[in-house]
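Participant: This is the structure, below, for whatever I ask next.
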Amino acid sequence: MQGVEFLEPVLIGLAVGLVVGALGAGGGILSVPILVYLLHQEPHNAAASSLVIVGFTACTSLIYPLRRGLIPWARSLAFGGVAVVGSLLGSRLSLLVDGTLLMLLFGGLLSVVAVAMAAQGVHNRRQENSGDHSDEPLTLPSPSARLWVKTVAVGLATGLLTGFFGVGGGFIVVPLLVLVLRVPMRRATAMSLVAMILASMAGLVGRIGTDVAIDWPLTLLFTAGSAVGGVLGGPLAARARPSTLTLVFAALLAGVAVVTLVNTLGGAPA
4 MQGVEFLEPV LIGLAVGLVV GALGAGGGIL SVPILVYLLH QEPHNAAASS
54 LVIVGFTACT SLIYPLRRGL IPWARSLAFG GVAVVGSLLG SRLSLLVDGT
104 LLMLLFGGLL SVVAVAMAAQ GVHNRRQENS GDHSDEPLTL PSPSARLWVK
154 TVAVGLATGL LTGFFGVGGG FIVVPLLVLV LRVPMRRATA MSLVAMILAS
204 MAGLVGRIGT DVAIDWPLTL LFTAGSAVGG VLGGPLAARA RPSTLTLVFA
254 ALLAGVAVVT LVNTLGGAPA
């Protein structure tokens with residue numbers, strides 16, 4: 004790699020890292036389409052490379068919420084541990100699916116989640132504007148048997164999707180934590196980073212011994228830029244209203260969904 008070829012994955016990675024650090028998600032949903040459509044990787048190989056990128060970026064993005072005490076470790080590790088099991092299974096199932104179908108399913112899933120998050124963001128904005136909830140509470144729902152059952156179910160679903168699509172899982176972890184488990188957005192962002200690290204590692208382990216090949220020079224350059232962006236993204240999130248983060252996340256998901264579906268239906272993926 005030389006010149007522009009060297010800088011391209013670094014600069015793209017920087018932008019992806021900013022999103023991950025600010026939203027606790029987005030690394031996989033951005034890096035997979037970028038690797039496929041801009042950097043011309045085969046979908047299954049792009050999924051594997053994305054796990055390396057997302058896992059490392061999540062580690063660097065974790066610095067800010069760690070310093071702010073936003074991570075509920077017991078719940079985060081329990082949630083992430085369950086997601087690991089699902090991720091191992093999902094990574095194997097992914098290899099049975101054609102690359103084009105994989106991207107179509109990916110785009111469809113993003114569309115559904117984008118709509119759900121947009122609705123939640125609008126609801127949160129109305130509450131903020133009413134003056135009753137100007138600051139989002141950071142208190143977690145009280146532990147209960149029902150809550151833990153839901154946590155296990157959501158964790159398994161998250162892991163399956165993570166392993167199957169080769170993403171860190173933040174794009175689905177954050178919505179599920181907010182919408183299903185009623186975790187405040189800022190804590191959900193922090194919890195998702197922990198889950199992303201664990202699920203990404205499991206997804207890579209699940210691909211050992213397969214025909215998937217990672218372009219290491221490109222992946223490491225992308226990862227380096229993404230890691231820097233991840234560190235810078237956390238402080239940006241602290242300046243924004245919770246509803247703004249949710250709406251930006253929804254818009255990001257919708258945009259990537261449209262690009263993914265249009266390019267896949269047009270025959271772009273290999």
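Just so we're aligned, residue 4 is where the sequence shown starts under the working numbering, counting upward by one. Note that beta-carbon positions come from the ideal geometry of N, C-alpha and C, so glycine has one too.
For G237 versus I37, is the C-beta spacing smaller than 9 Å?
Facilitator: For G237 and I37, no; Cβs fall outside 9 Å.
Participant: Given this structure, state the Cα-to-Cα distance separating S137 from L10, to the nearest angstrom.
Facilitator: Note that S137 scores a pLDDT of 49, beneath 50, so its modelled location is shaky and nothing firm can be said.
Participant: Following the continuous alpha helix (DSSP H) through H47, name the residue where it begins and the one where it ends.
Facilitator: Run containing H47: P46 to S64, per the alpha helix (DSSP H) assignment.
Participant: Measure from the alpha carbon of V208 to the alpha carbon of each residue in W76, V57, H43 and S94, then state which is nearest.
Facilitator: If we check each option's Cα against that of V208, S94 comes out closest.
Participant: If we ignore side chains and look at the alpha-carbon of each, how far apart do N127 and D214 end up?
Facilitator: Whole-angstrom Cα-Cα distance: 45 Å.
Participant: Applying the 10 Å Cβ sphere with the 16-neighbour rule, what's the burial state of T142?
Facilitator: Exposed, because fewer than 16 other Cβ atoms sit within 10 Å of the Cβ of T142.
Participant: Relative to the C-alpha of C62, which candidate in V197, A117, G212 and R129 has its C-alpha closest?
Facilitator: For C62, the nearest C-alpha among the options comes from V197.
Participant: Between the region 173-188 and the region 158-165, do at least 3 Cβ pairs fall closer than 8 Å?
Facilitator: Touching, yes.
Participant: Tell me which residue opens and which closes the alpha helix (DSSP H) that A253 is part of.
Facilitator: Here the alpha helix (DSSP H) through A253 covers P245 to L268.
Participant: Do you know whose CA, among F225, G228 and L180, lies nearest F82's CA?
Facilitator: If we check each option's Cα against that of F82, L180 comes out closest.
Participant: For I74, collect the residues of the same chain with a Cβ closer than 6 Å to its Cβ; drop the 5 residues on either side in sequence, then sort them by chain order.
Facilitator: Taken in chain order, the residues that qualify are P68 and A193.
Participant: Quick check on the DSSP output: the alpha helix (DSSP H) that includes P238 runs from which residue to which?
Facilitator: P238 -> alpha helix (DSSP H) spans W219 to A241.
Participant: Would you check if the distance between the CB atom of V234 and the CB atom of G20 is smaller than 9 Å?
Facilitator: Going by C-beta atoms, V234 is nearer than 9 Å to G20.
Participant: My guess is that A202 and V87 are in contact by the Cβ rule of under 8 Å, so how many angstroms apart are they, rounded?
Facilitator: Indeed, because the Cβ distance is near 6 Å, the residues count as touching under 8 Å.
Participant: Would you mind working out which of A156, A243, W76 and A260 sits nearest V115, comparing C-alpha positions?
Facilitator: If we check each option's Cα against that of V115, A260 comes out closest.
Participant: Using the rule of at least 16 other Cβ atoms within 10 Å of the residue's Cβ for burial, across every protein chain shown, is R210 buried or exposed?
Facilitator: Flag for R210 reads buried.
Participant: Identify every run of the beta strand (DSSP E) within the region 74-101, keeping only runs that are complete inside it and at least 3 residues long; order them along the chain.
Facilitator: DSSP runs (the beta strand (DSSP E)) wholly in the region 74-101: none.
Participant: If you measure between the beta carbons of L17 and G232, is that distance less than 9 Å?
Facilitator: Taking 9 Å as the Cβ cut-off, L17 and G232 qualify as a contacting pair.
Participant: From F109, L33 and G158, pick the residue whose C-alpha is nearest to that of L92; which is it?
Facilitator: When each option's Cα is compared against that of L92, the closest is G158.
Participant: As a quick exercise: from L104, A122 and T267, pick the residue whose alpha carbon is nearest that of V251.
Facilitator: Closest by alpha carbon: A122.
Participant: Within a Cβ cutoff of 8 Å, which residues of the same chain sit near P245, ignoring the five residues on either side of it in sequence?
Facilitator: Result list for P245: N127, E131, E139, P187, M188 and R189, in chain order.
Participant: Under the three-state reduction of DSSP, which class applies to G16: helix, strand or coil?
Facilitator: DSSP places G16 in helix when its eight states are reduced to three.
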